[in-house]
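Structure, as structure tokens:
2 protein chains.
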Amino acid sequence: MAELAGVSSRTVSNVVNGYANVTERTKARVQRAVDELGYRPNVLARNLAQGRSGQIALVVPYLDTPYFSELLQSVIRAARARGYNVLIDQTDGDPEHERAFIAHGSRRLLFDGVIFSPLGLDQQALADHDPNLPLVILGERSSDGTFDHVGIDDVAASRQATEHLLDLGRRRLAAIGDQPYATGEAAQLRTRGFREAHAARGLTAREDLIISTPRFNRKDGAQAMAALLDLPEPPDAVFCYSDLVALGAIHTLVSRGLRVPEDVAVIGYDDIEDGAYSNPTVSTISPDKEMIATTAVERLLLRISSPTPPPALELRAPHKLVIRESTAGRVAVP
Amino acid sequence: MAELAGVSSRTVSNVVNGYANVTERTKARVQRAVDELGYRPNVLARNLAQGRSGQIALVVPYLDTPYFSELLQSVIRAARARGYNVLIDQTDGDPEHERAFIAHGSRRLLFDGVIFSPLGLDQQALADHDPNLPLVILGERSSDGTFDHVGIDDVAASRQATEHLLDLGRRRLAAIGDQPYATGEAAQLRTRGFREAHAARGLTAREDLIISTPRFNRKDGAQAMAALLDLPEPPDAVFCYSDLVALGAIHTLVSRGLRVPEDVAVIGYDDIEDGAYSNPTVSTISPDKEMIATTAVERLLLRISSPTPPPALELRAPHKLVIRESTAGRVAVP
DNA sequence: GTGAAAGCGCTAACAA
DNA sequence: TTGTTAGCGCTTTCAC
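Chains as they are written, first to last, in the UniProt record's numbering: chain A, 1 to 334; chain B, 1 to 334.
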């Protein structure tokens, strides 16, 4: 290849990769040859020689969920800034599909590490991953010491959301989104926050108003809200475990002629853009997605480049309560 | 490697790749060795040897735009079903970034082909792509004979949307989303449909009610709508060039105390899920996204596997008009 | 500071 | 049907 037009091969490699020991003169010579021949290093060959792919995988259950697509954006940006491409995949929460990604499979070499938001895999299945695969887990799992975990403090955030509803003077609070089974840890933490907020004020959460949903989407929210309204004593406030659920719930409320928040106050979780423009706009828990994304990427790359695995960390990104119309009511417009 | 535990190497390759000529007996022997050693073929080496990566790239301007994330989902599914991984990237509409993807660059070998939704590149810049790169363009560009193009008939769809507003008896129609410059072809086609619908009924589109926006998002929609309402004679109906724009516009209308659709009817474009749950729900043009995605993937893989480039095709996916509350009003609920 | 040569682990042309 | 062997194009150890 290019060394025909000048020197040798080791040198070309050095120049292209910007290594130290090259004379200005040789460097120029190589550069000229490169330009002349329109030479482009072959990534595939480089990957094989280096035993790395320069790619990381981002594996999430659903890509059309705004929370994930907003996160995805930041992950791509962060990875690219560090010279990595992002390979993405959606699992639909299917346990087999999820397992395939973290197991020692044939695709293993395709990515140097994985950022993974599990849904169908419980804690135990998660622990059974390829020990050589650098792994960062997103969401509400706790680390078992073999991977890093990045998330927000779900219990605290949920308590905060619930307290906000109680502060409004509401007393018949419902919660939509519980998932009382092994893979529903995320949901269970939120339910815990919901209960704790009540307990902290000497109140008791009404267990019959805690509704389970298989997913956190609009449809589930709409259906759960309908079920709540059919109760003899419907709630006067609802804590939804995602903004999508909240939007679905509001949809049901409005179409039944109820006013939000006058009749029923609603608060969501995730702070997706929809919630800032919907009618009414949706109060929510806003996790710092940018920080989650960059932290996850940074930890993963550290894991990738470390000869010995770094200690497993539990990383907490900050969150805040954002109050909008669905709890505060519409602000008068001139 | 594995042949130690049985036979040779060529054979292993054959077995692993499921080629024809292998005796059952040898196959079994190899299989046993593979299992025993936990052997996994090295993708990187295979890629180099085959000169292909088994990956396709999907390049879109924004990933947090529901239209793209919904599309992305279908693309991933279609590609995976055919044994391909999807590498994705977001360009933010930056011309340089976009150019880098279709030019003959060092990342070229990383993907075997590209599905590309351009935004910052005009027709001419698009034509200047690596001729060896299999390419499928999404959106409203016309092919120059070197790539396939998949989209819907934008002029017809826009005419249909506009006619729907005229059918409601509205006569002061506005349009939000025009982009009267080289890279705004998509928008211009919609504007053309808007005008044609008027002309077909002997009416004339009001040019002062055609508003340009840099992007197709909620914020732009909200601002444009505000500008329209500040006019001495505001419109009684609005055709928005995306559902996000429509949601933004509705946000402004509602917060100014106007009723949708009684005071102003609104129709969008794309049929994203938000529009089916918003308040009011949003009438829209619904492109067949699943078909767009699978068609794009199929054509791209055909292009990748063809020794001689197949003829460039203009592929039109179907669309339909979906009428919801933002034009039809709320349907009474018992 | 630069050159030569040995892999990286697979595929595929060519033989047998 | 199966074995041998020559690359794929780069990185990198080891001399010079």
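Just so you know, even glycine gets a beta-carbon here, dropped at the ideal spot from N, CA and C. These numbers come from a predicted model, not from an experiment.
* If you follow the beta strand (DSSP E) that residue 319 (chain B) is part of, which residue opens it and which one closes it? -> 319–322
* Asked: With which residues is residue 136 (chain B) paired in a DSSP beta bridge?
  -> B:115, B:148
* **Min CB distance residue 251 (chain B) to chain A below 8 angstroms** => yes
* To do: Run the CB neighbour count on residue 47 (chain B), radius 10 Å, all protein chains shown included, and call it buried at 16 or more, exposed below.
  => buried
* Asked: Around the C-beta of residue 132 (chain B), are 16 or more other C-beta atoms found within 10 angstroms, so that it is buried, or is it exposed?
  -> exposed
* Can you tell me the Cβ-Cβ gap for residue 170 (chain A) and residue 236 (chain A), rounded? I've got them flagged as a contact below 8 angstroms. => 5 angstroms
* Asked: For the alpha helix (DSSP H) that contains residue 228 (chain A), what are its first and last residues?
  -> 218–229
* Asked: Is it true that the CB of residue 74 (chain B) sits closer than 8 angstroms to the CB of residue 293 (chain B)?
  -> yes
* To do: Give, in chain order, every residue of the region 264–294 of chain B whose Cβ lies closer than 7 angstroms to some Cβ of chain A.
  => 273, 274, 277, 278, 279
* In the structure shown, what three-state DSSP assignment does residue 30 (chain B) receive? -> helix
* **Interface flag, residue 69 (chain A) vs chain B, CB-CB below 8 angstroms** => yes
* Length of the line joining the Cα atoms of residue 261 (chain A) and residue 66 (chain B) -> 27 angstroms
* At 7 angstroms on the CB atoms, spell out the chain A contacts of residue 43 (chain B), in chain order. => 106, 107, 109, 110
* In the DSSP assignment, what residue or residues form a beta bridge with residue 212 (chain B)? -> B:178
* Asked: For the region 125–140 of chain A, which residues have a beta carbon sitting closer than 8 angstroms to at least one beta carbon of chain B?
  -> none
* 8 angstroms Cβ cutoff, residue 333 (chain A) in contact with chain B -> Confidence in residue 333 (chain A) is poor, its pLDDT being 49 and thus under 50, which makes the residue's placement too unreliable to answer from.
* **Proximity test, Cβ basis, 8 angstroms: residue 192 (chain A) and chain B** => no
* Test: residue 17 (chain B) CB closer than 8 angstroms to a CB of chain A -> no
* Asked: Roughly how many whole angstroms lie between the Cα atoms of residue 135 (chain B) and residue 97 (chain A)?
  -> 29 angstroms
* To do: Check the C-beta distance from residue 327 (chain A) over to residue 164 (chain A) and give it rounded, since I have them as a contact under 8 angstroms.
  => 6 angstroms
* For a contact meaning CB atoms closer than 9 angstroms, what does residue 31 (chain B) contact in chain A? -> Within chain A, no residue comes near residue 31 (chain B); the closest Cβ sits about 15 angstroms away, beyond 9 angstroms.
* Can you list the residues of chain B that residue 53 (chain A) reaches, using a CB-CB cut of under 7 angstroms? -> 44
* Asked: Taking one C-beta from the region 296–306 of chain A and one from the region 215–227 of chain A each time, how about it: are there three or more such pairs within less than 8 angstroms?
  -> no
* Determine, using beta carbons only, whether residue 190 (chain A) and residue 243 (chain A) come nearer to each other than 8 angstroms. => no
* To do: Say whether chain B places a C-beta atom closer than 8 angstroms to the C-beta of residue 66 (chain A).
  => yes
* Any residues in the region 174–187 of chain B with a beta carbon nearer than 9 angstroms to a beta carbon of chain A? Which ones, in chain order? -> none
* Backbone CA spacing between residue 45 (chain A) and residue 112 (chain B) [nearest angstrom] -> 15 angstroms
* Alpha carbon to alpha carbon, how far is residue 181 (chain B) from residue 238 (chain B)? Give it in angstroms, no decimals. => 22 angstroms
* Specify the secondary structure class of residue 47 (chain B) as computed by DSSP and reduced to three states. => helix
* Candidates A:116, A:175, A:12: which alpha carbon is nearest residue 209 (chain A)'s? -> A:175
* To do: Going by CA-CA distance only, name the one from A:217, A:173, A:99, A:183 that's closest to residue 197 (chain A).
  => A:173
* Asked: Would a C-beta distance cut-off of 8 angstroms place residue 88 (chain A) and residue 58 (chain A) closer than the cut-off?
  -> yes
* So, is residue 17 (chain A) buried or exposed, given that buried needs 16 or more other C-beta atoms within 10 angstroms? -> exposed
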